[in-house]
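Residue numbers (the numbering used here), protein chains in the order written: chain A, 1 to 194; chain B, 1001 to 1198; chain C, 2001 to 2336.
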Amino acid sequence: MFEQIAFYFFSVATIVLFLITAFSKNVLYAMSALAAGMVMISGFFFLLDADFLGAVQLVVYVGAVMALYAFGMMFFDATKDVKEKNASTTLVVLLGGSVALLLTLIFIAPILGANIEASYPPLEGATNPQSVGLILFTKYLIPFEVAALMLLVAMIAGIILAGKKMDISLTDIEEDIAISEEEEMILDEKDGEK
Amino acid sequence: MNEKQKYIMLDLGGTPLTPWCRFKRVVKRTFRIELFIGLWVTIREMFKTLFMGKSHTTKYPFEKMPIPPRYRAIHDMLRLLESGHYRCIGCGLCEKICISNCIAMETRYDENQRKEVSEYTINFGRCIFCGYCAEVCPELAIVHGARYETASEQRASFSLFEDMLTPIDRLKEQEEFAGYGAPTPWADKNIKKTPLAY
Amino acid sequence: MDPLMIGIIIKIVLVLAIVSALAGFGTYLERKVLAYMQRRIGPAHVGPLGLLQIVADGIKLLTKEDIIPQNANRIIFMIAPAVTAATAFIALSAVPLFPTFTIPTSFPLIGGAIVPSTIADINIGILFMLGVMGSGLYGPLLAGMAQANKWGILGSARTAVQFLSYEVITGLSLLAPIMLVGSLSLLDFNNAQTGGVGSWILWQQPVAFILFLIAGFAETNRTPFDLLEHEAEIVSGYATEYSGMRWGMFFIGEYANMITISIMASLIFVGGYAPLGFIPGWIAIILKISFFFFLMLWVRASWPHVRPDQLMWFCWKVLMPIAVINVMITGIVVMI
């Protein structure tokens, strides 16, 4: 009984919260609803006895949405409504159409997949993290490694982009003297000629 | 007494310039356990306070610190110890010298042709507690007492002559004013060597 | 109804009541310990030894006016303190507290209920606690953003950077002991350290222990790292506009989090509730939790704050590499 109650509670809460995320014009409401919705989704994992995935959902999305908040804080006044500007109607039609298509596919998928049998059924007696680890390092090894590599590339790129002039104190940088070394050399040569 | 001051020079080692020097400084500071000295000091003080009674707390409404004679609180009117009559002779000097004009007094001659104070009030809304009245008084009649707790339901509780006058039944407890600018009786204990010998 | 279900509900009520009382008692302890360390006495007049100060504070907080600023985002402003307090208690639901026992059938209504030792008996307790404590950080974050106050915004910006950084350190520092024990369950950690003081994971993983303590201080917003509400810089940070019980809820949450971190440290690193020589297990764990709680107060009395830039520098350039190296060395040792 408790499972049913919990399931309906979590589904209603998730749907309502994500609707708020999509339709609210206030950044703070949208992001808070997104974060709460992510937490609610982890409830489904716990209901399905996938404790490990539930906890991972919590850990990962809490951090991820908090990074979104950081951006929100920089770009918007969180207490005011955002005015939307829909520049092109074709874009709206295109996006709406693709979302509709995607939804149709999602609803068809269980019907199509009804007669598929799991080729890697969960092992008997293995605990949650162990079965996740097994499937990750056997069936999904290549996607896992590719994802790891991509994250590494993204991390290095992020460090390079953000790390420019990191060894100089911000107070020492004056905007008008922010010239590249090449220009500096040219200027030095000109000075030398004089 | 003019012995040479002993300065202890701290060797801070200068500001590190290269990242490697900075790293070495971090390592040095980490392993010289400077942080734990701080922890030791606080726990030592805790045990001193707990078991050796070295607390600095004065439980104020129950315990009070002694007030030095220089302290200028609410005024007191003193009595003559022999007759019990108030000392004020109604000369009006305090009223004249008061720079914030807060003393108001009226005098008249009594049946013995002696000056008698009929009205004497100090407006404590104006008084700046400068102490001129106590300094100028030729009879040591108006002095600054030690009543520094001046919270009251109404201002008049302090400002009437009768309220400032020593109660006749407590005449024996009346303390003589040590004089304007008198040092604290325990002043000798507080004398320390000046930290900088010029 | 199912006797276990009734037992779980009883257990929830028990934990809520005991931990919130302990959180109140924590404020008293903090004031007393700080006072002694600064050669003062601390609260001494309300009740014996000032113990009833907690009650006085509670009455004050409950009866104070609950002010919501005019431009604030009302709903979020009202929810934010509840997030902090609620998640602090939810994190405790995965912790084994007291042994399992059955209420005798002679009791009316609840007789025969089985009260379990853990509310939510999941075998990934550590990860769950980390996740829920992490989501507790939304309290300060939302509070700061909803109150239309610049100090609040600064406080929530600091929440975001500080917690995003130190979550990484907590996770990485716990990874090494998890690899040694091979389980995410707090019960397994306890069972792995039953052989007396010598079998504590602390001796095998001293680096991880220190890293976990440092990150724990940062996550519970304790002194060397309490930049979110640093009075000298940003008035009161995220709590600037709060008053009354909403403000009090932040503090119940903070003290409950301190208790949770103390429980985690004592279960994972110093042997949990295994009996210690002649000391029975339940006294041993209470002693350990009290020590870690006291350590937080002790450090607050002794050490100064760090600057925000020093905080980030310390996290990413010092702690993070040490944590990664520690995990790698542990991995190599485990493999051999």
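Glycine residues also receive a C-beta, built at the ideal position from the N, C-alpha and C atoms.
- With 16 or more other CB atoms across the displayed protein chains lying within 10 angstroms of its CB, residue 2319 (chain C) is buried.
- Listed along the chain, the chain C residues whose CB falls inside 8 Å of the CB of residue 1045 (chain B) are 2036, 2037, 2038 and 2039.
- Excluding the 5 residues flanking it on each side, residue 61 (chain A) has same chain C-beta neighbours closer than 6 Å at 38, in chain order.
- Residue 1160 (chain B) is bridged by DSSP to B:1121.
- If you compare the alpha carbons of C:2326, C:2284, C:2074 and C:2014 with that of residue 2093 (chain C), the shortest gap goes to C:2014.
- Residues of chain C whose Cβ lies closer than 7 Å to the Cβ of residue 28 (chain A) are, in chain order, 2073, 2076, 2145 and 2146.
- Considering only beta carbons, the part of the stretch 2148-2170 of chain C lying closer than 9 Å to chain A consists of 2148, 2153, 2156, 2157, 2159, 2160, 2161, 2163, 2164, 2167 and 2168, in chain order.
- DSSP places residue 1115 (chain B) within a strand segment (E or B) once states are collapsed to three.
- Taking all protein chains shown into account, residue 2321 (chain C) has fewer than 16 neighbouring C-beta atoms within 10 Å of its C-beta and is therefore exposed.
- Residue state for residue 2167 (chain C) is assigned as helix, using DSSP reduced to three classes.
- Closer than 8 Å to the CB of residue 43 (chain A) there is not a single CB belonging to chain C.
- Contact of residue 16 (chain A) with chain C is not assigned, every C-beta pair being separated by 8 Å or more.
- Taking every protein chain shown into account, the CB of residue 1018 (chain B) has fewer than 16 other CB atoms within 10 angstroms, so this residue is exposed.
- With a 10 Å radius around the Cβ and a threshold of 16 neighbouring Cβ atoms, residue 4 (chain A) comes out exposed.
- Restricted to the stretch 2208-2260 of chain C, the alpha helix (DSSP H) segments that are unbroken, complete and at least 4 residues in length are 2231-2234, listed in chain order.
- Contact between residue 1141 (chain B) and residue 1071 (chain B) is ruled out by a C-beta separation of about 19 Å, above the 8 Å threshold.
- Where residue 1044 (chain B) is concerned, there is no enclosing beta strand (DSSP E), although the alpha helix (DSSP H) around it starts and stops at 1034-1051.
- Residue range 1142-1144 is occupied by the beta strand (DSSP E) that includes residue 1143 (chain B).
- Between residue 14 (chain A) and residue 33 (chain A) a beta carbon distance of about 10 Å is seen, past the 8 Å cut, so the two are scored as non-contacting.
- Along the stretch 2280-2302 of chain C, the positions whose C-beta sits under 8 Å from a C-beta of chain B are 2298, 2299, 2301 and 2302, read in chain order.
- For residue 1165 (chain B) against residue 1079 (chain B), the beta-carbon gap comes to about 7 Å, under 8 Å, which counts as contact.
- In the structure shown, the three-state DSSP call for residue 1188 (chain B) is helix.
- Its Cα nearest to that of residue 2121 (chain C), the residue A:49 stands out among A:73, A:49, A:88 and A:72.
- No Cβ-Cβ contact shorter than 8 Å links residue 2192 (chain C) with residue 1042 (chain B).
- In this chain, the alpha helix (DSSP H) harbouring residue 104 (chain A) covers 89-112.
- In the DSSP assignment, residue 2008 (chain C) is bridged to no other residue.
- The beta-carbon of residue 1166 (chain B) is placed no less than 8 Å from the nearest beta-carbon of chain C.
- Residues of chain C with a Cβ closer than 8 Å to the Cβ of residue 141 (chain A) do not exist, since the nearest Cβ in that chain sits about 18 Å away.
- When DSSP reads this structure, residue 2320 (chain C) sits in no beta bridge, so it has no partner.
- The three-state secondary structure of residue 2059 (chain C), taken from DSSP, is helix.
- In the DSSP assignment, residue 13 (chain A) falls within the unbroken alpha helix (DSSP H) covering 2-23.
- Put simply, the backbone Cα of residue 2118 (chain C) is about 15 Å away from that of residue 51 (chain A).
- By the criterion of a C-beta distance shorter than 8 Å, residue 2247 (chain C) is surrounded in its chain by 2061, 2081 and 2239, once the five residues flanking it on both sides are discounted.
- Collapsing the DSSP output to three states places residue 1166 (chain B) in coil.
- The three-state reading of DSSP puts residue 1106 (chain B) in strand, counting E and B together.
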